Each structure stands twice: as C-alpha cells, then as structure tokens.
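Here's the structure, in structure tokens; my notes come after.
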Amino acid sequence: MIAFISGGARSGKSDYAEGLARQWRDARGGGLWYLATARASDDEMAERIDRHRRQRGAGWETLEVPLALDAALNEVAPGETVLLDCLTLWASQWRYGGGGSDAEGRDLLARVLAEARQRHIALVVVSNDINEGLPAEDGDTRAFVGFLQTLHRDLAAEADLVVQLVAGLPWVWKGEGP
Numbered sequence: 001m002i003a004f005i006s007g008g009a010r011s012g013k014s015d016y017a018e019g020l021a022r023q024w025r026d027a028r029g030g031g032l033w034y035l036a037t038a039r040a041s042d043d044e045m046a047e048r049i050d051r052h053r054r055q056r057g058a059g060w061e062t063l064e065v066p067l068a069l070d071a072a073l074n075e076v077a078p079g080e081t082v083l084l085d086c087l088t089l090w091a092s093q094w095r096y097g098g099g100g101s102d103a104e105g106r107d108l109l110a111r112v113l114a115e116a117r118q119r120h121i122a123l124v125v126v127s128n129d130i131n132e133g134l135p136a137e138d139g140d141t142r143a144f145v146g147f148l149q150t151l152h153r154d155l156a157a158e159a160d161l162v163v164q165l166v167a168g169l170p171w172v173w174k175g176e177g178p
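Numbering-wise, the sequence shown is residues 1 to 178 according to full-length UniProt numbering.
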C-alpha cells in the first residue's frame, strides 16, 4: 500500500499520516519507521522537529534522510510500515542541496515507490500543497513548484490512497480512507 497525504502548512497532514501509518502497522504487524527529511536549519524548525518526535512517541525507528531516500528504504525490512515526512523538504534539498537534476529526482522517487511495492512495505508519504495561489514571479520558484507538482502527480498516480487535509479535515481523492 502507498498513501499520499497532502495539505497546506499546519493543516494536520502529519498527524493524519502518523495515525494512518499506525493503523496499517497494527493491521499488518512489523516495525514502524519514520523517514525524516527535515533539517534543523533554524530555531523554529528545530522546535517543530522536536515537537513531532514528542507527538510520535515511542515505537518509531527514525532515519534522517535529507537526500538518499532509496538508501534509507533499504534499511527497512520487507513488510514493515514507513512514514516519509516530507516530500516537499526532500524536493527542496534535492534541487538546491546537490541531489541532481529534476529528472533524476523523479527517477529516484519512482524507484522508491517500486521498491516499496516489491518489498511489501506500506509507505505513507506527506507533502505540502504549495501551488494554490498565484504563480510566483521568479523563474526559480516557478521551476521548483513545477518539480514538486510533477512529483505529486507521479506519486498520486502510483498511490492507492490520496488524501488532502484542509483545516484538519481529510478529503479522500483516491482510494478508501481509514
């Protein structure tokens, strides 16, 4: 199973995704993994990371994954449940932190999704909706939004479940929610 959970900043998507990951793990057994893409680049981000760790509680194996999603997934045993939070931060680090081209980023995500399916890993992916307003005026921002939206389309096409959170409320676009 693959789920794509999206929403605006602080819409409740991480809480929803954590609950879904726990439900899937409880139904399937196995371990519960958190692939964290955030870096504590400032005090506010460090506090958010700490708050997420406290909210998750015990029972999660955490891997810090700024770029190498494939290598991190290889550390997870077949049949386990993985929460990847968040694709937006991963995409920005990929694009601006030396990951490679946009095409290589798409290929990496496709390989991760295929690997999760092949190894029966339940994968829940969280990402931000950042394309709801007017297009950005600068080309670099438009290019990043385009890259992220392409990743979102690829992920939504592959996912069994696609849910958007708005004001803490889930809207199921594809599949059947919990």
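Idealized CB from N, CA, C, for every residue including glycine.
The model shown is predicted, which means the values in this text are computed figures rather than measured ones.
Own chain partners of residue i with C-beta closer than 7 Å, once the 5 adjacent residues on each side are dropped
{"i": "residue 189", "result": "The question about residue 189 has no answer here: the residues shown for the chain are numbered 1 through 178."}
{"i": "Val-145", "result": "Ile-130, Asn-131 and Ala-136"}
{"i": "Glu-158", "result": "Ile-2 and Leu-113"}
6 Å CB neighbourhood of residue i in its chain, flanking five on each side removed
{"i": "Val-162", "result": "Phe-4, Ala-156, Trp-173 and Lys-174"}
{"i": "Asp-85", "result": "Ser-14 and Val-126"}
{"i": "Ala-72", "result": "Leu-35, Leu-63 and Val-65"}
Nonlocal neighbours in the same chain, by C-beta distance under 8 Å from residue i, ignoring five residues either side
{"i": "Leu-67", "result": "Trp-90, Gln-93, Trp-94, Gly-97, Gly-98 and Gly-99"}
{"i": "Gly-105", "result": "Ala-91, Trp-94, Arg-95, Gly-99, Phe-147 and Leu-151"}
{"i": "Arg-142", "result": "Pro-135 and Ala-136"}
Beta-ladder partner(s) of residue i, from DSSP
{"i": "Leu-161", "result": "Ala-3"}
{"i": "Ser-138", "result": "For the record, residue 138 in the displayed sequence is Asp; it is not Ser. Asp-138 is not bridged to any residue."}
{"i": "Leu-32", "result": "Thr-81"}
{"i": "Ser-127", "result": "Ser-6"}
{"i": "Val-172", "result": "Val-163"}
{"i": "Ala-122", "result": "Thr-81"}
Cβ-heavy atom distance, residue i to the ligand NAD, below 7 Å
{"i": "His-120", "result": "The ligand NAD is absent from the structure shown, which contains no ligands of any kind."}
Proximity below 8 Å, CB of residue i to CB of residue j
{"i": "Arg-10", "j": "Ala-122", "result": "no"}
{"i": "Arg-119", "j": "Pro-170", "result": "no"}
{"i": "Ala-21", "j": "Glu-64", "result": "no"}
{"i": "Gln-164", "j": "Gly-7", "result": "yes"}
{"i": "Gly-30", "j": "Thr-81", "result": "yes"}
{"i": "Leu-109", "j": "Asp-154", "result": "yes"}
Where residue i falls: helix, strand or coil (DSSP)
{"i": "residue 179", "result": "The question about residue 179 has no answer here: the residues shown for the chain are numbered 1 through 178."}
{"i": "Ala-38", "result": "coil"}
{"i": "Val-166", "result": "strand"}
{"i": "residue 223", "result": "Because the chain is modelled from 1 through 178, residue 223 falls outside the range shown and cannot be assessed."}
{"i": "Val-65", "result": "coil"}
{"i": "Glu-132", "result": "coil"}
{"i": "Gly-177", "result": "coil"}
{"i": "Gly-100", "result": "coil"}
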